[in-house]
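In the numbering used here, the protein residues as written are 1230 to 1676. Beneath this line is the structure, given in structure tokens, with notes to follow.
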Amino acid sequence: MTSKRTIPARRFIKPSFSSLIEKKRDGQEFTKEEIRYIIDSTLDGEMPQHQLAALLMAIYFANMSAQETATLTEEMMLSGEVIDLSHIAKPKIDKYTTGGVGDKAALVLVPLAMAAGVVVPMMCGVEHDYIISPIDKLRAVPGFDGKLSIEAFTKQLAKIGGAIVKQDENLAPADAHFYALRKETGTIPSLPLITGSVLSKKLAEGAEGLVIDIKWGNGSFIKDLEQAKQLARSMTRVGRSMKRRCVALVTDMNQPLGDTVGTALEVKEAIQLLKGEGPEDLQELILKLGMEVVRLAGVAGSTLSAKQTVQRHLSDGTALEKLKDLVKAQGGDASYIDNPEKLPVARHVRKLPAPKRGYVHMINASYIMQGVSILNGSTDKKGKIDHAAGVSEVRKVGTQVKQGEPLMMIHYNDEAKLEQALECFKTAYRLAPKRPTPPPIVVERVA
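Listed below in structure tokens is the structure:
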């Protein structure tokens, strides 16, 4: 029997960090070994912060090829623990969103997917400024704990089929280094860096497939539609190259989603949606994303059966039951899901009056989010979130209002914070004499 001749591996000669920065600055491609070396040097602290910052800036301006982005994603994923969920037989699909104002889709989609027989291993990472994470919303329910060990997370997935927890720091630790610096260096919007950051963490949690909701507009950190489409293409392409099923929807974030923004108010709205009721824009978004989840999981074949599956679990109450299971499993009092009126209620409610008659022409969603963050105290890093604070009955683009009619209702407990928040809310609205055409919720599907 002849033994196979082993060819000695080529020795990798470590380049200097400055030569790597220059290489990317001049628009050249990194090799797999170079990307691995960058990740290793980031983890062990060998690369000085100022050089890593310069490298991130070079990537921001010179971009990365699809192959480089895929290698970066894989190396970041392998920089820490990778959760193995192969002992769970059911399909494992997660959902990721770039985050939006009033977006309570995760609170509805996770239990909806669980009801349809899909396992959802959802970990929520560092949110962008002014975005309330699903965990913060669920904390409006007394006792709810968003922090689980990897072992407890895996057990819960096997037992009830879903979890919504805080990102574990043992997953993709290289990304944590990158992300902290990206925030300080203005390189958050880099498409390859976003792709690598999101997918490395999502795939490390054991998901076999991913449904991605890319938001674009004034309430998202992606203000440009073309850039949102490029990000959708980048993520699905890299996901596929890593043998994962991926679908992305580019969706509108030029006004808040649904009728409420806050924590307890959004949980109440999510419960409505889980009963097949609630605002039309969110009903449409949940139907479209839910259909993608069940199709990707192989639970439903055709578009029609996917639609029927989603609608059935929302109308027959099975999805709502799964939310109760999830809340209970994570230490929360599930009676609050049955009786949402028990959730925190603000002492004061006042309207934001329309300054003149006309149509709501434009709403800057990020100003509304800033106002809500002031009211609920999430801008004070030390403070506890006031779960009762927020806004409801938000008038949407295309709605006609008379002078003095409410553009929204403001729920608050702290008079001092109200004045500051009011400035944000007033600035958010533009009224005009002619009715504008509201934009479609889903702009494009990329698979």
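Glycine residues also receive a C-beta, built at the ideal position from the N, C-alpha and C atoms.
Report the rounded CA-to-CA distance for residue i versus residue j, giving the unit in angstroms.
i: P1665; j: V1589; result: 8 Å
i: N1292; j: L1249; result: 14 Å
i: D1374; j: A1409; result: 25 Å
i: E1634; j: P1508; result: 20 Å
i: G1546; j: I1268; result: 46 Å
i: T1538; j: A1345; result: 7 Å
i: T1416; j: R1674; result: 26 Å
i: K1233; j: C1475; result: Residue placement at K1233 is poorly supported in this model, since its pLDDT is 48, which falls under 50; the coordinates still yield a value, given next. Between K1233 and C1475, the C-alpha separation is close to 38 Å.
i: A1650; j: P1363; result: 22 Å
i: L1511; j: P1667; result: 14 Å
i: K1551; j: A1334; result: 15 Å
i: P1371; j: L1518; result: 29 Å
i: V1347; j: S1463; result: 25 Å
i: S1245; j: S1308; result: 21 Å
i: P1569; j: Q1280; result: 51 Å
i: R1473; j: Q1278; result: 33 Å
i: L1494; j: A1369; result: 9 Å
i: A1477; j: V1522; result: 11 Å
i: R1411; j: A1405; result: 10 Å
i: A1529; j: V1626; result: 34 Å
i: N1447; j: L1636; result: 18 Å
i: E1310; j: S1564; result: 36 Å
i: M1482; j: R1240; result: 49 Å
i: I1670; j: K1571; result: 32 Å
i: R1659; j: T1628; result: 12 Å
i: A1558; j: Q1385; result: 7 Å
i: K1253; j: K1536; result: 46 Å
Label residue i either buried or exposed according to how many other C-beta atoms from any shown protein chain fall within 10 Å of its C-beta, with 16 as the threshold for buried.
i: D1273; result: exposed
i: A1199; result: Outside the displayed range of the chain (1230 to 1676) lies residue 1199, so it cannot be described from this structure.
i: S1595; result: buried
i: P1193; result: Shown here, the chain extends from 1230 to 1676; a query on residue 1193 therefore has no answer.
i: S1449; result: buried
i: T1298; result: buried
i: H1640; result: buried
i: T1383; result: buried
i: P1485; result: buried
i: L1543; result: buried
i: T1231; result: Caution is warranted here: a pLDDT of 45 is assigned to T1231, below 50, making its placement in the model unreliable, and no coordinate value can be reported.
i: H1616; result: buried
i: T1271; result: buried
i: L1533; result: exposed
i: G1468; result: buried
i: G1600; result: buried
i: P1573; result: buried
i: A1413; result: At residue 1413 the sequence reads Glu, which differs from the Ala that was named. Looking at its Cβ environment, which holds fewer than 16 other Cβ atoms inside 10 Å, E1413 is exposed.
i: G1560; result: exposed
i: E1498; result: buried
i: D1567; result: exposed
i: S1247; result: exposed
Between residue i and residue j, is the Cβ-Cβ spacing less than 8 Å?
i: L1432; j: M1471; result: yes
i: V1630; j: R1586; result: yes
i: T1492; j: L1514; result: no
i: M1352; j: K1430; result: yes
i: G1438; j: L1525; result: yes
i: L1301; j: I1264; result: yes
i: I1317; j: A1387; result: yes
i: V1496; j: K1366; result: yes
i: V1672; j: L1516; result: no
i: E1434; j: I1312; result: yes
i: A1295; j: R1466; result: yes
i: A1461; j: I1322; result: no
i: N1593; j: A1657; result: yes
i: C1653; j: I1614; result: no
Taking the alpha carbon of residue i as the point to measure from, which residue in the options has its own alpha carbon closest?
i: V1427; options: G1446, E1413, P1402 and P1569; result: P1402
i: G1425; options: A1618, E1648, F1407 and A1499; result: F1407
i: P1584; options: S1294, G1606, P1244 and A1661; result: A1661
i: I1451; options: P1418, L1285 and T1465; result: P1418
i: E1262; options: E1413, R1541 and K1243; result: K1243
i: G1487; options: D1643, S1621, F1259 and M1638; result: S1621
i: K1504; options: Q1540, G1527 and N1483; result: Q1540
i: G1527; options: M1286, K1319, M1306 and L1377; result: K1319
i: I1379; options: Q1459, I1361 and L1400; result: L1400
i: K1376; options: Q1385, I1360, I1361 and K1395; result: K1395
i: Y1325; options: T1656, I1423 and L1555; result: I1423
i: E1196; options: A1457, R1659 and T1260; result: The question about residue 1196 has no answer here: the residues shown for the chain are numbered 1230 through 1676.
i: D1255; options: M1276, E1275, Y1289 and Y1266; result: Y1289
i: L1336; options: Q1456, L1285, L1555 and D1562; result: L1555
Any chance the CB of residue i is under 7 Å from a heavy atom of the ligand MN?
i: Y1325; result: Here there are no bound small molecules, and the ligand MN is not part of this structure.
Would you call the region 1574-1583 in contact with the region 1388-1397, where contact means no fewer than 3 C-beta pairs closer than 8 Å? No, they do not touch.
Could you tell me whether the region 1431-1447 touches the region 1316-1333, using the rule of 3 or more Cβ pairs below 8 Å? Because the criterion of three Cβ pairs below 8 Å is met, the region 1431-1447 and the region 1316-1333 touch.
Three-pair Cβ contact test at 8 Å for the region 1544-1563 versus the region 1331-1341: With a cut-off of 8 Å on Cβ pairs, the region 1544-1563 is in contact with the region 1331-1341, counting three or more such pairs.
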